[in-house]
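Peer 1:
There are 4 protein chains.
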Amino acid sequence: MSSEVKVISGKTVAEHNSRESCWIIVHDHVYDVTEFLDDHPGGSKIILKYAGKDATAEYDPIHPPDAIKTNLPPEKHLGRVEAGTVAKVEIKVTDQEKERQLRVNARPPLSEVLNLHDFEAIARSVMTEKAWAYYSSAADDEITLRENHAAYHRIWFRPRILRDVTQLDWSTTILGQKSSMPIYITATALGKLGHPDGELNLTKAAANHGVIQMIPTLASCSFDELVDAAQPGQSQFLQLYVNKDRNIIKRIVQHAEKRGIKGLFITVDAPQLGRREKDMRMKFEEADPDQVSKNDKSKEVDRSQGAARAISSFIDPSLCWDDLPWFKSITKMPLILKGVQCWEDALEAYDQGLAGVVLSNHGGRQLDFAPSGVEVLVEVVEKLGAKRGLTFPNEKFQLFVDGGVRRATDVLKAIALGATAVGIGRPFLYAYSSYGVDGANHALEILRDEFEMAMRLLGARNIKEVVRDMVDASSIHQHIVAVPEDKLYHGNYESMQSVRLREIKASL
Amino acid sequence: MSSEVKVISGKTVAEHNSRESCWIIVHDHVYDVTEFLDDHPGGSKIILKYAGKDATAEYDPIHPPDAIKTNLPPEKHLGRVEAGTVAKVEIKVTDQEKERQLRVNARPPLSEVLNLHDFEAIARSVMTEKAWAYYSSAADDEITLRENHAAYHRIWFRPRILRDVTQLDWSTTILGQKSSMPIYITATALGKLGHPDGELNLTKAAANHGVIQMIPTLASCSFDELVDAAQPGQSQFLQLYVNKDRNIIKRIVQHAEKRGIKGLFITVDAPQLGRREKDMRMKFEEADPDQVSKNDKSKEVDRSQGAARAISSFIDPSLCWDDLPWFKSITKMPLILKGVQCWEDALEAYDQGLAGVVLSNHGGRQLDFAPSGVEVLVEVVEKLGAKRGLTFPNEKFQLFVDGGVRRATDVLKAIALGATAVGIGRPFLYAYSSYGVDGANHALEILRDEFEMAMRLLGARNIKEVVRDMVDASSIHQHIVAVPEDKLYHGNYESMQSVRLREIKASL
Amino acid sequence: MSSEVKVISGKTVAEHNSRESCWIIVHDHVYDVTEFLDDHPGGSKIILKYAGKDATAEYDPIHPPDAIKTNLPPEKHLGRVEAGTVAKVEIKVTDQEKERQLRVNARPPLSEVLNLHDFEAIARSVMTEKAWAYYSSAADDEITLRENHAAYHRIWFRPRILRDVTQLDWSTTILGQKSSMPIYITATALGKLGHPDGELNLTKAAANHGVIQMIPTLASCSFDELVDAAQPGQSQFLQLYVNKDRNIIKRIVQHAEKRGIKGLFITVDAPQLGRREKDMRMKFEEADPDQVSKNDKSKEVDRSQGAARAISSFIDPSLCWDDLPWFKSITKMPLILKGVQCWEDALEAYDQGLAGVVLSNHGGRQLDFAPSGVEVLVEVVEKLGAKRGLTFPNEKFQLFVDGGVRRATDVLKAIALGATAVGIGRPFLYAYSSYGVDGANHALEILRDEFEMAMRLLGARNIKEVVRDMVDASSIHQHIVAVPEDKLYHGNYESMQSVRLREIKASL
Amino acid sequence: MSSEVKVISGKTVAEHNSRESCWIIVHDHVYDVTEFLDDHPGGSKIILKYAGKDATAEYDPIHPPDAIKTNLPPEKHLGRVEAGTVAKVEIKVTDQEKERQLRVNARPPLSEVLNLHDFEAIARSVMTEKAWAYYSSAADDEITLRENHAAYHRIWFRPRILRDVTQLDWSTTILGQKSSMPIYITATALGKLGHPDGELNLTKAAANHGVIQMIPTLASCSFDELVDAAQPGQSQFLQLYVNKDRNIIKRIVQHAEKRGIKGLFITVDAPQLGRREKDMRMKFEEADPDQVSKNDKSKEVDRSQGAARAISSFIDPSLCWDDLPWFKSITKMPLILKGVQCWEDALEAYDQGLAGVVLSNHGGRQLDFAPSGVEVLVEVVEKLGAKRGLTFPNEKFQLFVDGGVRRATDVLKAIALGATAVGIGRPFLYAYSSYGVDGANHALEILRDEFEMAMRLLGARNIKEVVRDMVDASSIHQHIVAVPEDKLYHGNYESMQSVRLREIKASL
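Next comes the structure, spelled out in structure tokens:
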């Protein structure tokens, strides 16, 4: 932290190219990461690839600019590299990457993207495999991931007719902030994996459409970048992973408040980051095939362990209800718990005077077989009504849900059931990963059009008119797995066939 | 509107061949459609293709003959084209169209068409892609479209035995009109897309079989054509989209009453026409590939917007309960609301003294996740029984359902649950699109045979004997989505196999 | 009926080879079938193929020997054909038939047939397409056909342990007759379609295993043939279609009683024979391709009508409850109604003093969406318990079910729920169609082994110990159709994958 | 049993090479197995292949070393074979086996095995077909096999948040013995089929991880081998099939107690061993193709009969409740019934003073449609609570479940519902069959990691905190089979399609 910065020649750096002494260059600064190797969430292998070299091109797409500075103790910040002394690291463009570029060029025009599903279809084709694996994966067998979407399909509408639906207004107020729709862009990590501008794409699109962005702790852009990019009057929330070091947390929270953040969403469903096996398998495929082809346990890097240990440095598993008064003591921002999964904890949050809860299972990325947010919503509304006489939506104690949302109709179901607003994450990731800020804008336009259509057809002129009677959620708690198929019986059954055309002999 | 009609040479017309000045010829008349381009429900592109030319061949299959006259202000009616001065527009027959014609010629004889499903299978092969996309598509993810059919499969029979079922009578009375079966042909738009005679096919088949046709507002044939084609004593209903201009509506309604229409079905589930994405995708595929292949947003026509704007000119989203007394004041025809989707609105219709309601979600084409008509029927019968002491079927307040019907057994389930009759739409469209009026007749013959079979086996000699106890609808409200599949477990499971034949070595 | 039989030369017969005058030879007798052509259940086409010729080879596989004599009035029995004057009808063996013969020869040995499903798999390969279509088809969309099997899968066991199951006895008494198992071979028509010995195969196997065969009215063998073939002490039942001519019925019933038939099962679920579309489609494929390839309605034979008319001559749709006292007056055999489908009718049968009912939907061949017998069983037992204080199984009023049974476990579920015995039909047809009487025997051996296994594991030493508490049927009334799949969502979902082997480069 | 052992020349042995006189050599000893041929559980064919020869190589992978001695009466132990006089039996390595070896060599490194499913995927590729068929098969249609897993998917979590989950402890006490996890390795037979070390692999892995192994009666290793291999302090249980000869049983039980076995699990769900058709079919495929290709019943060996008879010699179907006092009289080990399938029998076990029950259906290998253990658990906890005031988990009367477990989350669901611990069988078999003891160790490591993750995310710091409120099991008793699919309707439905990339013309 001294002002005199040492200058180091590229040649010197190049000598520290081993596990025993590993220096790397990022944005012209030299860092000694030898001791950090085993703590790197992404594994040591990827760092060692750049031992003694300039890692900037690999570093940038994933990390906020200041991440390396923040994570390494000052004594590991060795100095500046001497200009012109570093060998250019040539990034070999693989055939796989060339094919991906062809697909990028073959993207259809945005006007053909008709719904949020379409962005996912494009993203799957045009993102790098690594990014796709990271974003799309979830915990264990990904049952909860898919249940998040499936749960909405167990809720059906009860539309009303013959109301004057000429004028519609689907704007609302979230924690006192205006929002043009009853949604917000929820926090998702590592946004630059999908697009070089990362979460900035969302800041801009949010501004264009008057919706609120929740800034993630693990953003690829730095917090201040994202706040700086906001338009005057644009509201932003902050998602917070709570670190063991509460001084850091205090600094982050108070800095956020000073910068005008309108709500603090404390993540409570991730005392440990979930294992996502699709993502893990991806990493094996990326690894050196020579190494892994030998069934030699001693030489294997236990990738999961590295990640788990590293993460424990920034997520505190001891976080508990007793910590909440302290949070209230350090900030006036509304406090919301993100990741509540049963009515008992929602009730506790209410009794502790918080501003609300997000009923969420972290997009299915934490505990498999955790219920969907929208299912939990039904029990929370019922129980907090019975026990505290609350009705929802409720200004004083706001309920949010996230996970699995693909249509404005999904959102309106949650609103009818008592939510104030719904968080949408992956669809926006896929939208900007495919088309940058235009994609994020188009995603919001699609939602806007869908809100107009759905509210008009539902007979609701504004969000207040989207009421409980407009949905039938009586099947929401049904978790059915069919009796296993009788394979022999079905193998024997010869399907009915429709009438067929005569054979066409002559062809063109 | 003056009697002196200007004569214009084809050469003059040909000069107005651009977006800046766009004239077209339809049935030897010249129209200036420049200002109408952006309001055309089908988009401007298709009109511009005929700018300065004779558009009749393209116009006829879709529009009622008088549509262009009605929609353009008189000053845009420029006059008659001079005979012999117009260059023939050669319609290039594409390879795709030639292949379709081969399929048309390969249609099986009607006697092989055993059920209504078969018509759909044929239609899908022999209709133009555009027509198929328009007819078969529905809202959003087409969940409600398919639920309409699926809901009938959750209703099971409780057949009765040992009744003398020698003589059967499945005729009934609908709004006081005799019908040979408890069904009617419900309104569907743009009938000429499927067959050059459009809805006339249905008028004729309805006459042959003594069933009632509901004439659609958006028919490809004109209202008077369809009424003129009716046989003496043949009953017809009218489906009405309510326009902002109530004078037009008044004229239409009173004209209909004068022409002998026996029931006015006011559509209440379409304050805005639904987005049907399959249909939209079709349009993109039809569009100029050069244009859309460029990812250039500024040049893209926003097709959905054009349609939405245009449609707002003939559907009034402000239509509401307060308008109903006015309807009663202008006609003595029975008034029925088409598109009721919950018991509350059915009750209101009853309390306002209407003649009935159609429990319908517009064939799944409006709000996705709207419940099926037959599910709503169950709640309507129960609630109107509890609140007003009504029993159903009820002469004074008749309940109809439509959507998803493919078998007479579907119809009989609805009748047993309290419906007076059931509307069938797409199957008739598919029938006449495949085989013209013979197809529509055969569809009705199939239904007739199915009614005979099903009523005899059900033990009901006439429609009155099709009673509530004959069905078990206890699973009707179950909206189940199975727990997402455990892909790893099922991937590992090795299916049971039946015994196999010995290998056959020698072959013929 | 005169004793002097006319002798006619083959040449004379050959002159009557048209629709206008159609004579055929069957077993050396000449018949004039001109007027019968349109009444033939199998259509006129097949007869006209043999006009003026010897039809014996075509006739035999389907008809009981005396069918033609019984169905034609005496004046149409023209006499004997002169020996040696008839041209041999060469039956062209088609390639399709040759391939079938190869498959027949490739049948696996019976010891590899492990369960009843296996017979179906073999039969599908080795039966003629016509026979397979006739046996396997069912009504409409074949929903009830499959539900019959599926319903058993909604019933689960509650097995008991630590009972001395050394000695097991799964024999029982059906209508007072001993049966080695709680099943009987139920009636199915046209048995010679599958095997030249037809139902005789079942008579023999039933004798071998001490089970009861129900002789069908529409057997391919004559009633007396089947009774004559029975072993001393072997019990047989008779299934009866009730004809309009009650004198014929009286004769049949009293003859049956005289021949020792132990129970009369009156079919009450078939006032009209069901349409089976798979079977109908088969017929079209068999028909002359030249004729049907022309879309010329006037020339088409309406096959379904012919069948319907013909059948009405031997099934009386007026049969009703009032006829039952007459049946009781003409026979002392136990009377059972076959085809009861709701508790109300079972109660009526009880109140009328009948010996029992078969809860059946005719193997799914009559009314689609009729419930499975085993589902009806649950309601019958409950309601007749509540209303008449009956418990089941009940000696005085016996309940049977049939349809969909493939395993002894299926049977035991029905027994536990209150049935006296279960009828099994198609599996025996498939067994003897594939392997003759050995097949039928093996089918019964399989069931015997399955009964031993299942009862021992269930903890029931005899049929009386198979009690209600041994099954959980709480899901029996659930008729679920899942919410239609979200195709876009599932299309985007990338399935989890198991770990994979390394690529194997060298191969053998 | 005399000390003087006869020496027999290989030549002499070779003369006894027929069904009439069949001698074989195992581990240099000669046995006369002529009379045993038909009692051999694996059929006579496999023995006859080695008639007059050295069968050791075939014998070893399946049998405990002393099995042949124990099963044959002393007079059939003929003596030692003269060294050097026996022709080496060349085991022909089939192409199939060579391919399998290639797959064995292509196994991925263990670090890539992420879950228990992965072991199954590997095992299916690298095990012999015979071993795979034996392990993976189950009763009848394998409905219960798959239901065992499916049932867990009907149970969902209700996770708790904001608890200090820094320190976690998922160890527990089972029948008074410490276990590092709430699981035990349950008994499965014939372990050498999968790996030459058989169950020893599990003994070692259990020692490494502090879990308890249940030794099977039908182990491929001998009981003493497995006990000798245990580490000091390592706990083992014994699974017992009860033989007719109670002296043998007494000897086994008292020997086990003397050797320090901590719990005796008496199998009560297998008075007869289940038929497993996949396994049976395997045997046919292995059999001599010449023999089975002839449809000659007389020559067929009825394999199932042989097995059934042989098994009856070591399983006593008369075992019943009255035998339990005798067991209590001969041992002080805790007695547990393995295979209880309803609350009534659990209650009886409690009332008889047993130490607990395993709610199990024998891995789906006995009675198909027996309910899953975890479903039975729900009713047992409820009923024993209501009738005896018990709460669970309960020290005095412990409940265990097994079957279908693949994840630690499955285990925690059972714990929350009241189980003390969960038995896991096949996954460990697959693990060591694929990778020997390393595989078994890795399987336990995976579970350990999953317990850490799942408990932290569930908010439970130790097993006691895994409580009933943490799961929603309200759908557990739902046994749904969907209404059969409407094939015609679905055949006609054209699926929604996502937007597509433009065609990519140039490729690499």
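Protein chains in written order, with the numbering used here: chain A, 966 to 1473; chain B, 966 to 1473; chain C, 966 to 1473; chain D, 966 to 1473. Built from N, CA and C at the ideal position, the CB exists for glycine as well.
1. Taking the beta strand (DSSP E) that residue 1178 of chain C falls in, what are its first and last residues?
2. Any idea if residue 1213 of chain B is buried or exposed, counting beta-carbon neighbours within 10 angstroms, 16 or more meaning buried?
3. Can you name the residues of chain D whose CB is closer than 9 angstroms to the CB of residue 1112 of chain C?
4. Write down the C-beta distance between residue 1303 of chain C and residue 1325 of chain C rounded to the nearest angstrom, noting that I regard them as a contact closer than 8 angstroms.
5. Does residue 1118 of chain A come within less than 8 angstroms of chain G when only Cβ atoms are used?
6. Listed from N- to C-terminal order along the chain, which residues in the region 1453 to 1467 of chain C have their beta-carbon within a distance smaller than 7 angstroms of any beta-carbon of chain B?
7. Are any of the Cβ atoms in chain D nearer than 8 angstroms to that of residue 1086 of chain B?
8. Report buried or exposed for residue 1137 of chain C, applying the criterion of at least 16 other Cβ atoms within 10 angstroms of its Cβ.
9. Helix or strand or just coil, what does DSSP make of residue 1019 of chain A?
10. Can you pull the chain B residues whose beta carbon is under 7 angstroms from the beta carbon of residue 1082 of chain D, in chain order?
11. Helix, strand or coil, according to DSSP, for residue 1327 of chain B in the structure here?
12. Mind checking if residue 1001 of chain C is an interface residue toward chain B, Cβ cutoff 8 angstroms exclusive?
13. So, using beta-carbon positions, are residue 1411 of chain D and residue 1148 of chain D closer together than 8 angstroms?
14. Between residue 1182 of chain D and chain C, is there a C-beta pair that is closer than 8 angstroms?
15. Taking the straight line between their C-alpha atoms, what separation do you get for residue 1342 of chain D and residue 1383 of chain D?
16. What's the gap between the Cα of residue 1338 of chain C and the Cα of residue 1116 of chain C?
17. Which chain A residues are close to residue 1077 of chain B, counting only those with a beta carbon under 8 angstroms from its beta carbon?
18. Count the other CB atoms within 10 Å of the CB of residue 1291 of chain D; is the residue buried (16 or more) or exposed (fewer)?
19. Mapping DSSP to helix, strand and coil, what is residue 1149 of chain A?
20. When we look at the beta-carbon of residue 1080 of chain A and count the other beta-carbons within 10 Å, is it buried (16 or more) or exposed?
21. Within this structure, are the beta carbons of residue 1130 of chain C and residue 1421 of chain C separated by less than 8 angstroms?
22. Whole alpha helix (DSSP H) runs in the region 1009 to 1083 of chain A with 4 or more residues, listed along the chain?
23. Kindly indicate which residue of B/1183, B/1358 and B/1218 has the alpha-carbon position closest to the one of residue 1238 of chain B.
24. Please name the residue or residues paired with residue 1436 of chain B in a DSSP beta bridge.
25. Look at the alpha carbon of residue 1551 of chain B and the alpha carbon of residue 979 of chain B, and state the distance between them as a whole number of angstroms.
26. Determine the extent of the alpha helix (DSSP H) in which residue 1399 of chain A is found, giving its start and end residues.
27. Quick check: residue 1022 of chain D and residue 1054 of chain D, are their CB atoms within less than 8 angstroms of each other?
Peer 2: So, from the data block:
1. 1177 to 1180
2. exposed
3. 1446, 1448 and 1449
4. The beta-carbon separation of residue 1303 of chain C and residue 1325 of chain C, rounded to 6 angstroms, stays under the 8 angstroms limit for a contact.
5. Reference to chain G is not applicable here, since the protein chains of this structure are A, B, C and D.
6. Listed by position, the residues of the region 1453 to 1467 of chain C near chain B (Cβ gap below 7 angstroms) are 1453, 1460, 1461 and 1463.
7. yes
8. buried
9. strand
10. 1453, 1454 and 1457
11. coil
12. no
13. no
14. no
15. 7 angstroms
16. 9 angstroms
17. 1464
18. Using a 10 angstroms sphere on the CB of residue 1291 of chain D, the tally of other CB atoms stays under 16, which defines it as exposed.
19. strand
20. Burial check for residue 1080 of chain A: the Cβ neighbour count within 10 Å reaches 16 or more, so the residue is buried.
21. The Cβ atoms of residue 1130 of chain C and residue 1421 of chain C lie closer than 8 angstroms to each other.
22. 1009 to 1013, 1021 to 1024, 1032 to 1036 and 1060 to 1070
23. B/1183
24. B/1122
25. Outside the displayed span of chain B (966 to 1473) sits residue 1551 of chain B, for which this structure offers no information.
26. 1391 to 1423
27. yes
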